[in-house]
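Protein chains in written order, with the numbering used here: chain B, 9 to 119; chain Z, 1009 to 1122. Glycine included, every Cβ here is placed at the ideal spot set by N, Cα and C. Report on the following structure.
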């Protein structure tokens, strides 16, 4: 079936550390892939997306590359800030005509 | 500014009571969605609507109802049949329905049972 698996949190990092949040998916066809971010008490905001294999989405220093061969879309940032503390959701859409979300990964960045 | 508004921010429900959550968008989007968020479970789709006067059940529609009489509005009613309604409810919209489209989310409504 269609699903998204992302690494469990919480992920706790010191400021300026390197971030990776893993995301893998199962899907029919080649869906679009998304990372959304949710700050405390708020709705979700699109962080970045990629619509086809080998595309790299980027925004606010975050990057993720659509890897068809490994069915992955890992989120990375070279130097995290305290303000990046949030819950990050990986999602895919397309073939199923609806977004399938992972369970979310809580990131806590300490000064 | 274009966006999605949800009201109220917090809502309290008494046993046996129906409550309605409001969702309005001024993005001129055709598709709208309701999700439920519980801790550690990510987002689950309750209902979605591709176009005015049409809507379909999502993965967890039991105990909920919706209407789509206007393009801008997609209210969700949590009925007394929903036995565990305490959750964070998120409304979203997208330009068209297919999953290639980015979904834009409202700020959410937190529903609590008294």
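- prompt: Out of curiosity, what's the CA-to-CA distance linking residue 47(B) and residue 1060(Z)?
  reply: 31 Å
- prompt: Under a Cβ-count criterion, where at least 16 other Cβ atoms within 10 Å of its own Cβ denotes burial, should residue 33(B) be classed as buried or exposed?
  reply: buried
- prompt: If you draw a straight line from the alpha carbon of residue 93(B) to that of residue 1118(Z), how long is it in whole angstroms?
  reply: 21 Å
message: Give me the chain Z residues within the contact set of residue 111(B), using Cβ-Cβ distance strictly less than 8 Å, ordered along the chain.
response: 1048, 1049, 1050
- request: Indicate the three-state DSSP secondary structure (helix, strand or coil) for residue 1075(Z) in the structure shown.
  value: coil
message: Less than 7 Å between the beta carbons of residue 1041(Z) and residue 1056(Z), yes or no?
response: yes
query: Nearest to residue 109(B) by CA position, among 75(B), 14(B), 54(B), 99(B), is which residue?
result: Closest in alpha carbon position to residue 109(B), among 75(B), 14(B), 54(B), 99(B), is 99(B).
Cut-off 7 Å between Cβ atoms - residues of its own chain near residue 86(B), not counting five sequence neighbours on either side: Closer than 7 Å at Cβ, skipping near neighbours: 26, 69.
query: Does the Cβ-Cβ distance between residue 17(B) and residue 114(B) come in under 7 Å?
result: yes
field: For residue 91(B), three-class secondary structure by DSSP
entry: Under the three-state reduction of DSSP output, residue 91(B) falls in the helix class.
query: Residues in the region 87–99 of chain B with C-beta within 9 Å of chain Z's C-beta atoms, listed in sequence order?
result: 97, 99
Cβ contact check for the region 1043–1052 of chain Z and the region 1095–1103 of chain Z: 3 or more pairs under 8 Å: yes
message: Against chain B, does residue 1114(Z) count as a neighbour if the rule is that its beta carbon must be under 7 Å from one of theirs?
response: yes
query: Between residue 55(B) and chain Z, is there a C-beta pair that is closer than 7 Å?
result: no
message: I'd like the span of the beta strand (DSSP E) that includes residue 29(B), first residue to last.
response: 27–29 is the span of the beta strand (DSSP E), which, as asked, contains residue 29(B).
message: I want to verify the contact list: residues of chain B whose CB lies under 7 Å from the CB of residue 1053(Z), in sequence order.
response: 106
- request: Measure the CB-CB distance between residue 5(B) and residue 117(B) and report whether it falls below 7 Å.
  value: With chain B covering 9 to 119 only, the question about residue 5(B) has no answer from this structure.
- prompt: On the three-pair Cβ rule with 8 Å, is the region 1073–1081 of chain Z touching the region 1023–1035 of chain Z?
  reply: yes
task: Taking 7 Å as the cut-off, decide whether the C-beta atoms of residue 1054(Z) and residue 1039(Z) are in contact.
output: no
query: Which value, in whole angstroms, describes the spacing of the CA atoms of residue 1126(Z) and residue 119(B)?
result: Since the first and last residues shown for chain Z are 1009 and 1122, residue 1126(Z) lies out of range.
message: Taking the straight line between their C-alpha atoms, what separation do you get for residue 21(B) and residue 1091(Z)?
response: 39 Å
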